[in-house]
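Before any comments, here is the structure.
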Amino acid sequence: MRAHRNAAAGCALLFALTTAGCTGQDGPTDTTDAAPTAPSTPSAPTTATTAYAPYVSATTASDTDTAGSPTAYNLAFVISSGDDCVPRWNGVQDIDDASVASRVEKLSGSGATVRVSFGGASGTELAAACDSASALAAAYGAALDAAGSTRADFDIEGDALTDAGSVALRSEAIALLQKERSDLEVSFTLPVMPSGLDTDGLALLASANDHGVRVSTVNLMTMNYGESYTDDMGDYALASAQAAHTQLRKVFGTSDADAWRGMALTSMLGVNDVAGETFTLADAAEVRAFAEEKGIAWVSMWAAFRDEPCADDASAAEALTDCSGVEQESGAFAEAFAG
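Those letters in the sequence shown? Residues 1 to 339, by the numbering used here.
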């Protein structure tokens, strides 16, 4: 069972969600995680604009990165190199590498913002390598400073999601970091099923609540459900969002509209990691239309560098990493998600 959340933490989390995405901005900027400065009435879902914010490689440029004119980019991923508390891009590249700084500058040149994503499906998330909340907060902060970002995404899945110790340490560290950086905007990226978030995902949100973390967005990974899920992937994504919406309303004690605005959706374009699951361009258009209707904060995909057709001689493994595995024009998924 989830730990009981105290009233102060609940209010902090609710406040963040109810103000997310409500600050108007000029130009193509991502209003997903606008930092709250005072209580405000959130925009109605019908008037809110759903942003497009793809996951991109932090170290390697792709011709399809800018397709769809993203309002934000999720830089993947910052993790530990193994068992030390030193943040590195993909666990191997120095966090202050000049080539990454140059890449971030180019990505943000159009007015888009960058969000640093910590964790992911591979490697060691920093919360499992650092031995104190202060050291972990410093590691997260160093990565954010290197990217010049005030937005942190925590992609927590697999063993990292079931490790209660690292979950608690991460919550404590994020809370410390937000005390130091009042403008720090936080999203959690979590696995989901058509039945909603699992108990581990809900426990992570409860932990954040307990520690007073201000969460702007819960990003649902609408992908890789399992071999028994062989029907329409667009329909599964919508079912997952509907089920999680009910859960988020309960966890955060927020309104129907605010729970939608505190949600993001990330799909794995084309061929997924699970046999029989293929997310099509029609599915992407369906998800985009649904997100706009509900006032969902942003939509994303894994990943921009896969948004192209595979070469004729591409292997099945390459279809999962370098291309979509479906018939398409380069950048077509980005255009569908951007609307």
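The C-beta atom is built at its ideal place from N, Cα and C for all residues, glycine as well.
- In this structure, DSSP gives M268 an extended state, which the three-state scheme calls strand.
- With respect to the 9 angstroms criterion, V104 and A152 are not classified as neighbours on the basis of their beta carbons.
- Within the same chain, Cβ atoms closer than 6 angstroms to the Cβ of V271 are found at T278, A319 and G325, the five residues on either side in sequence being excluded.
- Of the candidates D273, I79 and T266, D273 places its Cα closest to the Cα of C323.
- Taking a contact as a CB-CB distance under 8 angstroms, the pair D200 and T162 counts as one, their CB atoms being some 5 angstroms apart.
- In the DSSP assignment, Y55 falls within the unbroken beta strand (DSSP E) covering Y55 to S57.
- Every unbroken stretch of the alpha helix (DSSP H) spanning 4 or more residues and falling wholly within the stretch 222-310 is given here in chain order: 233-252, 256-261 and 281-294.
- With a threshold of 16 other beta carbon atoms within 10 Å, A137 meets it and is buried.
- When the five nearest sequence neighbours on each side are left out, the beta carbons in the same chain lying within less than 8 angstroms of the beta carbon of G158 are those of A121, in order along the chain.
- Of the residues Y52, K179, R261 and S62, the one whose Cα lies closest to the Cα of T321 is S62.
- Scanning C310, A146 and Q178 for the CA closest to the CA of W89 turns up A146.
- Residue state for R151 is assigned as strand, using DSSP reduced to three classes.
- Taking the CA atoms as reference points, V86 sits about 30 angstroms from L265.
- Between T189 and M221, the C-beta spacing is below 9 angstroms.
- Measuring C-alpha to C-alpha distances from S108 to each of Y73, D83 and G123 identifies Y73 as the nearest.
- T113: member of the beta strand (DSSP E) spanning T113 to G119, first to last residue.
- Spanning the alpha carbons of Y236 and D94 requires a straight line of approximately 38 angstroms.
- Rounded to whole angstroms, the Cβ separation of A285 and A336 is 5 angstroms, and the two are in contact under 8 angstroms.
- For L320, the uninterrupted alpha helix (DSSP H) run begins and ends at A316 to T321, by DSSP.
- For the stretch 55-117, the continuous beta strand (DSSP E) assignments of 3+ residues that do not extend past its boundaries occur at 55-57, 72-80 and 87-89, in sequence order.
- Y55 has its alpha-carbon roughly 6 angstroms from the corresponding atom of M301.
- Bounds of the alpha helix (DSSP H) holding V167 are A164 to E180.
- The C-beta distance from T217 to S187 rounds to 4 angstroms, short enough to meet the 8 angstroms contact threshold.
- Bridge partners of Y52 according to DSSP: V299.
- Its chain contains P45, H245, K294, G295 and I296 as the residues whose beta carbon lies nearer than 7 angstroms to that of W260, once the 5 sequence neighbours on both sides are disregarded; these appear in chain order.
- Per DSSP, the continuous alpha helix (DSSP H) segment holding E335 begins and ends at A332 to A338.
- In this structure, DSSP gives L202 a helical state, which the three-state scheme calls helix.
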